[in-house]
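Notes for the one structure printed next.
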Amino acid sequence: MPTAPKTHSQLFLNGLLNENPIFRLALSMCPAVGLSTTVINGLLLGVAVLFVQVFSSCTISLIKNFIHPRIRIPTYTLTIATWVTVIDLVLAAYVPVAYKAMGIFVRLIVAFAIITMRLEVFACKHDLAASFWDGMGMGVGFLFGMTTLGAIREMLGMGSFLGYDVLGFRPLLFFVLPAAGFFTVGFMMAIFNYVETISRRRKRGGRNA
Amino acid sequence: MPNSLQMPTDARISLADNLRRLGAISLFIWVFFFWGCRTEHPYVQNAVFKDNQEIVVTFSGPVDEAWANNRANFSVYEKAAPDIVADLQAAALSSDKKKLSLRLAEPMNRENPHTVILKEILAGGKSLGTASLTVAKPYIGTLVSILIGAMIIQNFVFSKYLGLCVFFGTSRKKSTAVGMGITFTTVIAFSSILSWALYQFVLKPFRLDYLQVVVFIGLVSLTVQGVDTIMRKVNPKLFKAFGVYLVLVIANCIIIAVPLTLAQNEYNLSESLMLALGAGLGFLIALFLMSSVRERIEFANIPQSFRGLPIAFIVAGLFALSFMGFSGMSLF
Numbered sequence: 144m145p146t147a148p149k150t151h152s153q154l155f156l157n158g159l160l161n162e163n164p165i166f167r168l169a170l171s172m173c174p175a176v177g178l179s180t181t182v183i184n185g186l187l188l189g190v191a192v193l194f195v196q197v198f199s200s201c202t203i204s205l206i207k208n209f210i211h212p213r214i215r216i217p218t219y220t221l222t223i224a225t226w227v228t229v230i231d232l233v234l235a236a237y238v239p240v241a242y243k244a245m246g247i248f249v250r251l252i253v254a255f256a257i258i259t260m261r262l263e264v265f266a267c268k269h270d271l272a273a274s275f276w277d278g279m280g281m282g283v284g285f286l287f288g289m290t291t292l293g294a295i296r297e298m299l300g301m302g303s304f305l306g307y308d309v310l311g312f313r314p315l316l317f318f319v320l321p322a323a324g325f326f327t328v329g330f331m332m333a334i335f336n337y338v339e340t341i342s343r344r345r346k347r348g349g350r351n352a
Numbered sequence: 401m402p403n404s405l406q407m408p409t410d411a412r413i414s415l416a417d418n419l420r421r422l423g424a425i426s427l428f429i430w431v432f433f434f435w436g437c438r439t440e441h442p443y444v445q446n447a448v449f450k451d452n453q454e455i456v457v458t459f460s461g462p463v464d465e466a467w468a469n470n471r472a473n474f475s476v477y478e479k480a481a482p483d484i485v486a487d488l489q490a491a492a493l494s495s496d497k498k499k500l501s502l503r504l505a506e507p508m509n510r511e512n513p514h515t516v517i518l519k520e521i522l523a524g525g526k527s528l529g530t531a532s533l534t535v536a537k538p539y540i541g542t543l544v545s546i547l548i549g550a551m552i553i554q555n556f557v558f559s560k561y562l563g564l565c566v567f568f569g570t571s572r573k574k575s576t577a578v579g580m581g582i583t584f585t586t587v588i589a590f591s592s593i594l595s596w597a598l599y600q601f602v603l604k605p606f607r608l609d610y611l612q613v614v615v616f617i618g619l620v621s622l623t624v625q626g627v628d629t630i631m632r633k634v635n636p637k638l639f640k641a642f643g644v645y646l647v648l649v650i651a652n653c654i655i656i657a658v659p660l661t662l663a664q665n666e667y668n669l670s671e672s673l674m675l676a677l678g679a680g681l682g683f684l685i686a687l688f689l690m691s692s693v694r695e696r697i698e699f700a701n702i703p704q705s706f707r708g709l710p711i712a713f714i715v716a717g718l719f720a721l722s723f724m725g726f727s728g729m730s731l732f
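Those protein sequences? They're chains E and X, same order as listed. The numbering of the first sequence is our numbering, which starts it at 144 and goes up by one. The numbering of the second sequence is our numbering, which starts it at 401 and goes up by one.
Now the structure itself:
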């Protein structure tokens, strides 16, 4: 990436919007489909991923000079696994009910492509502060994606938000079904694409006029 | 090197040979297993569940009717809970006096093995001693239901929503899909057996359960690296065909989900192997189905914003809906 060094706020916004892990990069789709039935699930897993992403980015950024290039991927994996174990034990101890609802997904954070990818692309080449903000951006972007999906599905499926009854009726029970996760993600991606085409067209039109 | 031209046929023969050898070994294990499964008493041939409330005991010769009709001679309980003796409703002997059916007052859970005690078996007026029998579901049934369960009923992609990154990445063409599926099945079988062994013999005895994630992911990377090295040396042609997919295997959540599941459920070796094979083959099935559809979607006229991933997600959603039809199905 031969680009000029970005400011920290740019790094943060990049993860949140331009390179949103769920809607733009289409990485880490498993929890986006499987666990986005309610807002609270999305929120908790998002926080877990944020934690793992930020701490792994910082760790790798600190020790990047001591890693032999040939074993860098196993090093990343083990670093992530360590932080996943930490958050796994913390969640199991402090929010046991929600932890049970999330099931195996917390441990599966270790296999999420987004974290490894950020370590490989960003953290191993930048200093601590930049890596921290990149990790924050990606983590918050993931959190944002998960909560949006969760909000849409909970609203449409159960007519509620964060467990509180908002609409008073259930518009489309279909969205509670696990399979609806695929549809929601598909439609959200299509909307993102559509907005992008429109804005690009408008920009081009503006230049011509 | 002129020799390298003959590589593919050689490789295929040796692969088929190896498969045959593997088949022979597994057959041997099965036969051994079934011999080991026979009942303990010499006069009793076998004891099986007939339905939820009935156990049928087959003797190798006729027994006395008076003995068989006395319910006090028999007791049935779950093997794990010997204190809770089930109520016998009736005991009946078949006309050739070789089959004894014990009817219970309440249905039992056939998932758990039961123990049947036959006190002082009388045949032709002679006492043959007390027999204690274990009645269990045929083990092969359990194994097949784990395999089919992981493959279709609880398909990892369409019912558990795992491994989606790789699933959407490699389902664009049929050839890629099949290559990925085969590579994945191989690696997951190896790594699951390794993880099972490590969990049972190291992690559990030393109470290191909390290290599961670290250890399993390390093992998976090791297996991938090992398969990579071995294949590169032993069969370069095969490596050329499947090597690209090896890197992707580690980015697949299923490969870490399977060891975690089998550690959680305390599966034994053959059950673990079945789960791993089921997961791998299920992934292969899912990839194949998806790639068949996506190859045709290429030519369809779909709205601009839906092209590429969005429509793939919607197709996957339709597949997931149809796979929901399998839920709750049980084979044995």
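Using N, Cα and C, we set each Cβ at its ideal position, and we do this for glycine too.
Checklist entry - Considering only residues of the region 420 to 500 of chain X, which uninterrupted beta strand (DSSP E) runs meet the minimum length of 3 residues and lie entirely inside it, listed in chain order? => result 444 to 451, 454 to 459, 474 to 478, 481 to 485, 488 to 493
Checklist entry - Taking the alpha-carbon positions, what's the Gly348 of chain E to Gln196 of chain E distance? => result 40 Å
Checklist entry - Applying a beta-carbon distance threshold of less than 7 Å, which residues of chain E neighbour Ser724 of chain X? => result For clarity, residue 724 of chain X is Met in the given sequence; the question names Ser instead. Simply Ala322.
Item to check | Any C-beta of chain X under 8 Å from that of Ser342 of chain E | outcome: no
Checklist entry - Does the beta carbon of Ala679 of chain X come closer than 8 Å to any beta carbon on chain E? => result no
Checklist entry - Touching or not, the region 290 to 302 of chain E and the region 178 to 196 of chain E, by the rule of three or more beta carbon pairs under 8 Å? => result yes
Checklist entry - Looking at the structure shown, is Ser727 of chain X part of a helix, part of a strand, or coil, going by DSSP? => result coil
Checklist entry - Quick one: does Pro239 of chain E have its CB under 8 Å from some CB of chain X? => result no
Checklist entry - What residues from the region 688 to 713 of chain X come within 9 Å of chain E, judged by C-beta to C-beta, listed N to C? => result Pro703, Gln704, Ser705, Phe706, Arg707, Gly708, Leu709, Pro710, Ile711, Ala712, Phe713
Checklist entry - What does Met281 of chain E touch in chain X if you count any residue whose Cβ is under 9 Å from its own? => result Correct list: empty, because the minimum Cβ distance to chain X is about 15 Å.
Next on the checklist: At the level of alpha carbons, what is the spacing between Met172 of chain E and Pro659 of chain X?
Outcome noted: 21 Å
Item to check | chain E residues whose Cβ lies nearer than 9 Å to that of Phe568 of chain X | outcome: Ala169, Met172
Item to check | Close-in-space but distant-in-sequence residues of the same chain around Met729 of chain X (CB under 6 Å, 5 per side omitted) | outcome: Ile553
Item to check | Validate contact between the region 476 to 484 of chain X and the region 505 to 517 of chain X using beta carbons, cut 8 Å, 3 pairs | outcome: yes
Item to check | Where the alpha helix (DSSP H) containing Thr180 of chain E begins and where it ends | outcome: That residue, Thr180 of chain E, is in no alpha helix (DSSP H); it is neither H nor E in DSSP.
Next on the checklist: With H, G and I counted as helix, E and B as strand and the rest as coil, what does DSSP make of Leu170 of chain E?
Outcome noted: coil
Checklist entry - Is His269 of chain E helix, strand or coil by DSSP? => result coil
Next on the checklist: Run through chain E and tell me which residues come within less than 8 Å of Gly717 of chain X, C-beta to C-beta.
Outcome noted: Ala322, Ala323, Gly324, Phe325, Phe326, Gly329
Checklist entry - For His211 of chain E, does the three-state DSSP call read helix, strand or coil? => result coil
Item to check | For Ala589 of chain X, three-class secondary structure by DSSP | outcome: helix
Next on the checklist: Between the alpha carbons of Ser426 of chain X and Phe584 of chain X, how many angstroms are there, rounded?
Outcome noted: 22 Å
Next on the checklist: Taking 8 Å as the threshold (beta carbon to beta carbon), is Tyr561 of chain X in contact with chain E?
Outcome noted: yes
Next on the checklist: With a threshold of 7 Å on Cβ separation, who are the neighbours of Arg250 of chain E within its own chain once the five nearest residues in sequence on each side are excluded?
Outcome noted: Val227, Asp231
Checklist entry - Quick one: is Ile210 of chain E near chain X, going by C-beta distance under 8 Å? => result no
Checklist entry - Quick one: Cα of Pro321 of chain E to Cα of Ile654 of chain X, how far? => result 18 Å
Checklist entry - Would you say Ala577 of chain X faces chain E, with C-beta separation under 8 Å as the test? => result no
Next on the checklist: So Val613 of chain X contacts chain E; which residues on that side make the cut at Cβ distance below 8 Å?
Outcome noted: Ala224, Val227, Thr228, Asp231, Arg250, Val253
Checklist entry - Leaving out five residues before and five after Ile711 of chain X in sequence, what residues of the same chain have Cβ atoms less than 8 Å from its Cβ? => result Ile697, Ile702
Next on the checklist: Which residues of the region 255 to 287 of chain E have a Cβ closer than 7 Å to any Cβ of chain X? Give them in chain order.
Outcome noted: Ala256
Checklist entry - Does the Cβ-Cβ distance between Ile223 of chain E and Val190 of chain E come in under 8 Å? => result no
Next on the checklist: What does DSSP give as the partner residue(s) for Tyr307 of chain E in the beta ladder?
Outcome noted: E:Phe304
Item to check | Residue range of the unbroken beta strand (DSSP E) whose run includes Leu608 of chain X | outcome: Careful: Leu608 of chain X lies outside any beta strand (DSSP E) and carries neither H nor E.
Next on the checklist: In the DSSP output, which residue or residues are listed as bridge partners for Ile517 of chain X?
Outcome noted: X:Ser475, X:Ser532
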